[in-house]
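Quick notes on the structure that follows.
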Amino acid sequence: MKPLLIKNGIIVTETDTNNMDILCENGIITKIEHNINIPDANIVDATGLFVLPGGVDQHVHFNFSMNNNTYYSWASSKAATVSGTTTVIDFLNQKPNKSIKESLDEYTQLAIKGNTFCDYGLHIILNSMDYNTLDELKNLLDYGIGTCKIFTAFKGETHYCPDEVILKILSLSKEVGFSVMVHAENPDIIKMLQQKSIYENKLSPDNHYKTRPYISEIEAVSKMIYFAEFTGANICFAHISTKESVELIKNAKKRGLNVFGETCPHYLLFTQEQLDKSPEESIKFICSPPLREKYNLQHIWKALQEDVLSFISSDHSDINWKNHKMFGLNNYLQVPNGCPGLAERFPIIWSEGVKKRISNTTTIC
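First residue of the sequence shown? That's 2 in the working numbering, and the numbers climb one at a time after it.
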């Protein structure tokens, strides 16, 4: 294999930006220097172009269930490579009545093998909270899985985690060394408002954000920060959407807690007004947490500038508007939650972030 030599590019690293050359041999970067000359190399002239490391999207969903059917979409991982993302981290959903290892082997063989277009990793989502499953978390790192995702929301579903289980998982994570990702919403606030909307026959798409108010996120974020302090665990909040949650995370960091936060492009660009449009258009934007009021956007961007939030992930869900979203056209509770965004994430970070609000080196970090 001939060496690959990228000439005259604007090389972006975590510390600076320089015009240099990159030499790749046998698929590995071996030199980043000025004026590299290799006579037999395949040369790519990158004059005037930025050369960045491959992006990592730490939050994608390549499988989801609806109407007793499970949809796998690893073939869509090609959308990542189109825009410069070379590694994605998907979620392994533990299968009913199966161990984590059995679920991992089955998912790898059934969904991933032969279907991925980029590098990948996996988080685990538990669907059993029994003693055997929690004990198996001690083997998580040996399975090649570094993160367990827990849900404070969705009470009544198998992946909902009550406080007692959350505390056990956090304590185990501290002991074993894996991290914990949190979907933080208060389930009882949401359930009360959803039941009220059903009783009043208010089922249009705008009721999605009306039944998942910002206070439900704030309460759950606050509680989980205290749990992290109590157990000493590392936690990362997924898809932060509110100014108030940002402030809670900022204060936790000041107190020395290992608390991190992630947000997504849709919480940086869109508002709940998207759900006030026609039902056919509004259902495209149903995700959880929901889109928020406009004032939150500037605070989310500022949190990225100040490293209060550390990640911009797509939270990509390969849900088809016509075949899946339209199923809940007349009832927002039947619309599968989630938005696609794998291909758009990196371009949005560049156009709306680097060109307007954050540095290109911050993007690399």
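Virtual Cβ for every residue (Gly too), placed ideally from N, Cα, C.
All values reported here derive from a predicted model rather than from experimental measurement.
query	result
Cβ shell of I11 (< 7 Å), same chain only, five flanking positions each side left out	T18, N20, L50, F51, V52
Beta-carbon separation (whole angstroms), G354 vs H317, contact threshold 8 Å	About 18 Å; that fails the 8 Å criterion.
Backbone CA spacing between L298 and T243 [nearest angstrom]	8 Å
Within 9 Å, strictly: CB atoms of I44 and C25	no
Residue closest to M130, alpha-carbon to alpha-carbon, out of Q110, D120, E282, I170	I170
V52 - DSSP class collapsed to helix/strand/coil	strand
Touch test, the segment 100-108 against the segment 133-148, Cβ-Cβ under 8 Å, three pairs minimum	yes
Helix, strand or coil at T153 according to DSSP, with G and I counted as helix	coil
Per DSSP, cross-strand counterpart(s) of I241	Beta-bridge pairing links I241 to no other residue.
Closest Cα partner of V260 within the set E245, Y161, S311	S311
Sequence-distant residues of the same chain with beta carbon closer than 6 Å to K251, five excluded per side	V309
Integer Cβ distance of F231 from K150, believed to fall under 8 Å	Their Cβ separation, rounded to whole angstroms, is 20 Å, which puts F231 and K150 out of contact at 8 Å.
Residue environment, R256, which counts as buried when at least 16 other CB atoms sit within 10 Å	exposed
Anticipated Cβ contact below 8 Å, Y210 with L292, distance rounded	6 Å
Backbone secondary structure at E34 - three-state DSSP	strand
Expected contact under 8 Å - CB spacing of V83 and A344 to nearest Å	5 Å
Straight-line Cα distance separating I39 from I29	15 Å
When N94, E34, M327, K3 are compared against F63, the one with the closest alpha-carbon	N94
Element boundaries [beta strand (DSSP E), containing V222]	That residue, V222, is in no beta strand (DSSP E); its alpha helix (DSSP H) goes 215-232.
Spatial neighbours of D58 in its chain, beta-carbon cut-off 8 Å, leaving aside the 5 residues before and after	A81, T86, T88, V89, I90, S314, S315, H317, L343, R346
Reduced DSSP secondary structure (H/G/I, E/B, other) of E186	coil
Member of F286, T71, I37, H300 whose CA lies at the smallest distance from the CA of T264	H300
Backbone secondary structure at F179 - three-state DSSP	coil
For I39, the residue or residues it bridges with in DSSP	According to DSSP, I39 bridges with nothing at all.
G329 burial status per 10 Å Cβ neighbour count (16 or more: buried)	buried
Whole-angstrom C-beta distance between S78 and T109, which should lie under 8 Å	Contact flag wrong, Cβ pair sits at about 14 Å.
Same chain only: Cβ atoms within 8 Å of I219, ignoring 5 sequence neighbours per side	T243, E245, S246, L249
Minimum C-alpha distance to F155 - residue among W351, P4, E186	E186
Residue range of the beta strand (DSSP E) that includes E263	260-264
Buried or exposed (CB count within 10 angstroms, at least 16 for buried), Y268	buried
Among S174, I23, P54, nearest to A47 - alpha-carbon criterion	I23
Residue burial classification, N367 (beta-carbon count within 10 angstroms, cutoff 16)	A question about residue 367 goes unanswered here, because the residues of the chain that appear run from 2 up to 366.
Between the CA atoms of V13 and I350 - distance to the nearest angstrom	15 Å
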